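In order, the protein sequences belong to chains A, B, C and D. UniProt numbering applies: residue 1 is where the first sequence begins, and numbers increase by one. UniProt numbering applies: residue 1 is where the second sequence begins, and numbers increase by one. UniProt numbering applies: residue 1 is where the third sequence begins, and numbers increase by one. UniProt numbering applies: residue 1 is where the fourth sequence begins, and numbers increase by one.
Number of protein chains: 4
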Amino acid sequence: MPGSEKSVAPKFRRRADDRPDEVLDAALELFADQGFANTKVEQIAKRAGLSKGTVYLYFPSKQAIIEALVRRAVTPVAERALAHAGAFAGDPRNGISAALRQLAHGLADVRILAIPKLVVREAALVPELAQMYRHEVLDRVLPAIEMLIQRGIDAGYFRQVDANLTLRSLIGPILVHLMLADVFDISPPEGLSFDRLIENHLTILFDGLSAPEQVGAP
Amino acid sequence: MPGSEKSVAPKFRRRADDRPDEVLDAALELFADQGFANTKVEQIAKRAGLSKGTVYLYFPSKQAIIEALVRRAVTPVAERALAHAGAFAGDPRNGISAALRQLAHGLADVRILAIPKLVVREAALVPELAQMYRHEVLDRVLPAIEMLIQRGIDAGYFRQVDANLTLRSLIGPILVHLMLADVFDISPPEGLSFDRLIENHLTILFDGLSAPEQVGAP
Amino acid sequence: MPGSEKSVAPKFRRRADDRPDEVLDAALELFADQGFANTKVEQIAKRAGLSKGTVYLYFPSKQAIIEALVRRAVTPVAERALAHAGAFAGDPRNGISAALRQLAHGLADVRILAIPKLVVREAALVPELAQMYRHEVLDRVLPAIEMLIQRGIDAGYFRQVDANLTLRSLIGPILVHLMLADVFDISPPEGLSFDRLIENHLTILFDGLSAPEQVGAP
Amino acid sequence: MPGSEKSVAPKFRRRADDRPDEVLDAALELFADQGFANTKVEQIAKRAGLSKGTVYLYFPSKQAIIEALVRRAVTPVAERALAHAGAFAGDPRNGISAALRQLAHGLADVRILAIPKLVVREAALVPELAQMYRHEVLDRVLPAIEMLIQRGIDAGYFRQVDANLTLRSLIGPILVHLMLADVFDISPPEGLSFDRLIENHLTILFDGLSAPEQVGAP
DNA sequence: TATGAATGAGGATTCATTCAT
DNA sequence: GATGAATGAATCCTCATTCAT
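See the structure below:
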């Protein structure tokens, strides 16, 4: 009987374990939409289907929510990214291509994108967020990619460029693409296709913009 | 008329006409530092050297300040950028290089950088900011650069790439460079040099990352 | 019946009948330490070794706890005190000395002292406390002592003083002694000895402060 | 004109200087009546004739109000009391009598009595209050009186008693008198007369309770 | 009986905005 | 114009009390 009731109408829930995640889910959407300062705790509660007071049963303060939010999202990222980075032994172009595509796909998911957006926006106000994101994500992912580039240089696949700076050439377009679309509602005429962006970018990245047989200046 | 007023009582008080600008200057620094929501009108007043009430003599509300802030900064940008874009008739690489360098130099100025930072951060809260910035800056500058690229393609200088997407490859690194440094305090080992970033990026952009005599894939 | 219940599942849980008292014990310590308003029901529950909800099985409200607390402590006091007061038939100095010593010894016990402290502190907020304490303790004890004094006067042992006012001279020092130590952490150089206080006080009380062979006033 | 307006209807007051004191006056009454925890800031504001926000213009927090309250009351007390204590050179009984009478008169003023009552009640919650009161009042007044007693002993006016403990015999009755009346509404049949209390107490204090020609115990 | 998750009224504090001077 | 005192709506957080289990 209790089992059937549960499956029918778990209205009166008593699930202390799911609650924190439900709160974080609700908070993420709201923070992403309205920013931290403009989101009221009661809004979070309502969206999570609870009352104001219940939120405080699981988080000691509003700021603790945003920190938990980033912490939750940030931890699993590292492994995923690192796994791929080291996987490619031969031509590093394959690894870099794969990494970029994975990055782009990840950020195409609103739930995932919301986190770095939040971190960037609130970093000035809650420096812990930036610290955490840097420590857990950037400090793991960026060096891995940089190493990929450096390996390509050392093995003679790439020109003698600065790997650290080149990293920025690598990932920059993805960010701009996102920001133009997200903040300014500017998308390419053909729509916000990450695939096409990546392919175009990889073309330029590996082979350059200049035509193969250079047309001299007039 | 204002002149006569000045000569009557020039005392130590600044001309009333400069007041709005001084308020905007003060607000810009504070908003950039702490975000809009966390900046109090009294802080702005204090930094501008006047009292809270006086701020309301010039601006009807706090939000009006941030809007005026962006409007003031945004208007002159258009001409400057457009001037350069059309100037180069021959090899578009020169024009692109010049544009990138100018962009980078502009953004190296904290006062200038503060504006887009502010717009990005507060866009969700005050959509007018994003609209304004898009209308006044992006919708003028981006198409101009895109056209430069397109012209290069059409004239046979560049490969057959998508100009709109390539635009993102062009400016992306600058954005990432800034964001890594500003939000996450991550700079290249040699320091945050925009010049080196640009040179490295142009190298890749025009000639590609791959070594001139390609090492074949395994 | 309760016995059979006990024998069925005596486990490790304390008898339900003692619960209310355990709650009161816990509450007394906490109220004495932190005051009524600053003590949370959950603290009481935790210290009593049960859960918040269970407290409400025994007491309908937080205020009911403090009232029960005082009521419990207050009832037995009357008999004890009255017993001694009437016991001394001859020189009332013996009775008074005994009463004072007993009073002092009683109040030296933190558990006993806590009650009047609590009553005094919370009297303004919960007038029932003061009423109860007055009715159950003061209205029984004070007249008994006053009668002792009056009897001493009538029998020619004491001067013709006002018994009611003299009562205050009798017990005042004990109160001050306690308050200085408890609230302001002020104790005599030799330590907070009630015995020495009482002996000194009795000396003055019975024989006066002035030296036996008076030094005449100028 | 402004002058006459002021005297007629100073409704729209702009007197930043009086405000803090008005707030403290209002707070004192309320704290004395209801205790600190039960007094709402808005009540204080209303009684002081201002709005909630205005209170925070002058005090950073509710606790700052109670501290300022005690500080304001406490500072002037010291001088007054000390002045009298040292004044009497000959028979110290005069000095002690005067001191007691002054103490009693002071505490008969509700405004003055309210402060130590408040301190005693809230000491556990805001230890700064007790500290402040001790430092500014007790540590100055009590030693002065104790010295008076000691001087009487040394000069042969008094018996060889413990001056520090005798101090408690001296002031205790006044406190009990107050507390019985204030907390428990117990006054002598003839009314709450401090004068009669003091006279009765001084009689006992100086000459003892025992009849001049002692009636031997049976 | 016992639990502790859930509730929501209540209260301290902040701050954009107003307005008498 | 300029000031800064005053306001009160808004918001975070607390905690006594309830109630499904």
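Note that CB positions come from ideal geometry on N, CA and C, so glycine has one too. All values derive from a computational prediction rather than experimental measurement.
Item: Counterpart residues of S210 (chain A) in DSSP-defined beta bridges; Value: B:F158
Item: I149 (chain A) beta carbon less than 8 Å from that of P92 (chain A); Value: yes
Item: 8 Å Cβ cutoff, A123 (chain A) in contact with chain B; Value: yes
Item: Cβ-based contacts, 9 Å cut-off: residues of the UniProt domain "HTH tetR-type" (17-77) of chain C near chain D; Value: A32, D33, Q34, G35, F36, A37 and N38
Item: Cβ contact check for the segment 189-196 of chain B and the segment 172-179 of chain A: 3 or more pairs under 8 Å; Value: no
Item: 9 Å Cβ cut-off: residues of chain C touching G95 (chain D); Value: The contacting residues do not exist; G95 (chain D) stays about 13 Å from chain C at best.
Item: Boundaries of the alpha helix (DSSP H) in which E22 (chain D) is found, first to last residue; Value: R19 to Q34
Item: Interface residues of the segment 165-183 of chain D facing chain C [CB-CB below 9 Å]; Value: L165, T166, L167, R168, S169, L170, I171, G172, P173, I174, L175, V176, H177, M179, L180, D182 and V183
Item: Rounded C-alpha distance that separates A144 (chain A) from G106 (chain B); Value: 31 Å
Item: Helix, strand or coil at K62 (chain A) [DSSP, three-state]; Value: helix
Item: Within 7 Å of chain D by C-beta, residues of the segment 183-209 of chain C in sequence order; Value: V183, F184, I186, P188, P189, R196, L197, N200, H201, T203, I204, L205, F206, D207, G208 and L209
Item: Start-end ranges of the beta strand (DSSP E) lying completely within the UniProt DNA-binding region "H-T-H motif" (40-59) of chain C, minimum 3 residues; Value: none
Item: Unbroken alpha helix (DSSP H) run spanning G191 (chain A), endpoints; Value: From DSSP, G191 (chain A) is part of no alpha helix (DSSP H); its letter is neither H nor E.
Item: Sub-8 Å separation of R168 (chain A) and R121 (chain B) beta-carbons; Value: no
Item: From A:V161, A:L180 and A:Q160, residue whose alpha carbon lies closest to that of R134 (chain B); Value: A:L180
Item: Residue range of the alpha helix (DSSP H) that includes N164 (chain A); Value: A163 to F184
Item: Partners in chain A for A211 (chain B), counting only beta-carbon separations shorter than 7 Å; Value: G156, Y157, F158 and R159
Item: Test: V110 (chain B) CB closer than 8 Å to a CB of chain A; Value: no
Item: Backbone CA spacing between Y56 (chain B) and F36 (chain A) [nearest angstrom]; Value: 26 Å
Item: Any beta strand (DSSP E) of 3 or more consecutive residues that is wholly inside the segment 98-165 of chain C; Value: none
Item: Coarse secondary structure for A37 (chain B), derived from DSSP in three states; Value: coil
Item: 8 Å Cβ shell around I186 (chain A) - same chain, five flanking residues per side excluded; Value: L180
Item: Closest residue to L24 (chain A) among A:A73, A:S51 and A:T166 (Cα-Cα distance); Value: A:A73
Item: Close-in-space but distant-in-sequence residues of the same chain around H26 (chain C) (CB under 7 Å, 5 per side omitted); Value: According to the sequence provided, residue 26 (chain C) is Ala. The question's His does not apply to it. Taken in chain order, the residues that qualify are I44, R47 and A48.
Item: Straight-line gap, G152 (chain A) to L142 (chain A) (C-alpha atoms, nearest Å); Value: 15 Å
Item: Local Cβ density within 10 Å of T54 (chain D), reported as buried at 16 or more and exposed below that; Value: exposed
Item: Helix, strand or coil at G90 (chain A) according to DSSP, with G and I counted as helix; Value: coil
Item: 8 Å Cβ cutoff, L138 (chain A) in contact with chain B; Value: yes
Item: Reference D21 (chain C); option with closest CA among C:K40, C:E67 and C:L209; Value: C:E67
Item: Of the residues D:N164, D:L165, D:L129 and D:N200, the one placed nearest D162 (chain C), counting alpha carbons only; Value: D:N200
Item: Minimum Cβ-Cβ distance from residue 227 (chain A) to chain B less than 8 Å; Value: Shown here, chain A extends from 1 to 218; a query on residue 227 (chain A) therefore has no answer.
Item: Exposed unless 16 or more other CB atoms sit within 10 angstroms - verdict on S32 (chain B); Value: The sequence as given places Ala at residue 32 (chain B); Ser does not occur at that position. Burial call: buried.
Item: Rounded C-alpha distance that separates L103 (chain D) from P116 (chain C); Value: 25 Å
Item: CB contact below 8 Å: V141 (chain B) versus chain A; Value: no
Item: Same chain, Cβ closer than 8 Å to V70 (chain B), five either side skipped, listed in chain order; Value: I115, L118, V119, L129, M132 and Y133
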